[in-house]
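There are 2 protein chains.
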Amino acid sequence: MKFSKATNYALHTMLFLVKAETDKPIGVQQLAESQDVSPTYLSKILTKLVKARLIDSISGAQGGYKLSRNRDEINFLDIIHAIEGTASLFECDFHHNNGCLIQAEIKNAEEKMNEHLRKTKLIDLVKKELRLS
Amino acid sequence: MKFSKATNYALHTMLFLVKAETDKPIGVQQLAESQDVSPTYLSKILTKLVKARLIDSISGAQGGYKLSRNRDEINFLDIIHAIEGTASLFECDFHHNNGCLIQAEIKNAEEKMNEHLRKTKLIDLVKKELRLS
DNA sequence: TATATTATAGATATTGTAAGTCTACGATTA
DNA sequence: TAATCGTAGACTTACAATATCTATAATATA
Ligand code: SF4
Ligand code: SF4
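Protein chains in written order, with the numbering used here: chain S, 1 to 133; chain L, 1001 to 1133.
Structure (structure tokens):
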């Protein structure tokens, strides 16, 4: 069980955008170069972030992507959910008594993780990096 | 990102063994029937649990599997780790500054989940089921 | 001791999903 | 209108999970 590489790309892109001072859109070309990934593939991933309303896309010349929200609201969980989906880590084909205790327990555990990912903002990392440098 | 079906089988098998009153080993045949999975495949999974010292295997006639520890010590995390491995949910090829903040933050979150899975014992579920029935 | 029973290990096949590419299209700017 | 840039869908590739098959080793018991 692992987060996909796509999630990794998404996190790094979002971090890049949070760090960027400008309001101007940034092209996928530039975003892809900084991560050694093909632009077309990254584009596909970023479209998911657009649909999750985390970023806006601007077509045409001088277009690109930019944050659609306040930079200090962006947390890890929203990004991860945009890419990985929001289904539980534990699914079972037999929906036994729909009061399945195994599933309930694992969902509880998962929610502990999600709480932490929700309250951790990307901006926190940027601030921490500054302090360490 | 999902737990594998193998983990599902492992959890159910362990729950089965915890519920079983007997000390006698239970054959993979019987364990597989209760889950609609082929005995040879389940056997392969159970071998991982043996190597993780969660259960003991007894070869030969009247052989099978039985718990190797006290039934009320068995928690979710040990089983999951035995099957899925203990690597972090988030791996990155570039080991940048080995003080990577992204990885650190996700590991923190993961540890919250693990704490919960560690403190939740299978026996808790059995007790809860009894109370509900 | 011989036979039936049971787990183990390795080779192999199958399936499914992630990862990545390619191309035609639509939107925007200059 | 031409160059730029994101979108969408079909497609391929790569790889790990899932599963099967078979030979072998260990044990009980008749
Ligand atoms: S008990 Fe829960 S996890 Fe197990 S088979 Fe039933 S629904 Fe699935
Ligand atoms: S910052 Fe961390 S996660 Fe990102 S590439 Fe470097 S090591 Fe990997």
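Cβ coordinates follow ideal geometry from the N, Cα and C atoms, glycine included. Values in this document were obtained by computation on a predicted structure and should not be read as measured data.
- The criterion of a C-beta distance shorter than 8 Å is not satisfied by leucine 17 of chain S and alanine 32 of chain S.
- Residues of chain L whose Cβ lies closer than 7 Å to the Cβ of histidine 116 of chain S are, in chain order, Asn1108, Ala1109 and Lys1112.
- Within 9 Å of the CB of phenylalanine 1076 of chain L, the CB atoms of chain S belong to Ile102, Glu105, Ile106 and Ala109, in sequence order along the chain.
- The C-beta distance from isoleucine 79 of chain S to leucine 125 of chain S rounds to 12 Å, too long to meet the 8 Å contact threshold.
- Taking the Cβ atoms as the reference, tyrosine 65 of chain S lies roughly 6 Å from isoleucine 26 of chain S, within the contact range of under 8 Å.
- Note that the C-beta distance between methionine 1001 of chain L and phenylalanine 3 of chain S is below 8 Å.
- About 5 Å separates the beta carbon of alanine 1082 of chain L from that of lysine 1048 of chain L, a gap short enough to meet the 8 Å contact definition.
- Listed along chain S is no residue with a C-beta nearer than 7 Å to that of methionine 1014 of chain L; the closest approach is about 11 Å.
- Between aspartate 23 of chain S and the set S:Arg53, S:Ser34, S:Gly85 and S:Leu67, the nearest pair of CA atoms involves S:Leu67.
- Considering only beta carbons, the part of the region 1031-1051 of chain L lying closer than 9 Å to chain S consists of Asp1036, in chain order.
- Beyond the five residues adjoining it in sequence on each side, valine 28 of chain S comes within less than 8 Å, by CB distance, of Pro39, Leu42, Ser43, Leu46, Gly64 and Tyr65 in the same chain, given in chain order.
- Among the residues facing chain S, threonine 1120 of chain L is included, as its CB has a counterpart in that chain under 8 Å away.
- In terms of beta-carbon proximity, lysine 1128 of chain L lines the interface with chain S, with at least one pair separated by less than 8 Å.
- Going down the chain, each residue whose beta-carbon is closer than 5 Å to a heavy atom of ligand 2 shows up: L:Cys1092, L:Phe1094, L:His1096, L:Cys1100 and L:Ile1102.
- Within a 10 Å sphere around the beta-carbon of threonine 7 of chain S sit 16 or more other beta-carbons, which makes this residue buried.
- Within chain S, the C-beta atoms nearer than 8 Å to that of leucine 1125 of chain L come from Leu101, Ile102 and Glu105, in chain order.
- Beyond the five residues adjoining it in sequence on each side, isoleucine 1102 of chain L comes within less than 8 Å, by CB distance, of Phe1090 and Cys1092 in the same chain, given in chain order.
- Against chain S, the CB of lysine 1002 of chain L has a partner CB under 8 Å away; the residue lies at that interface.
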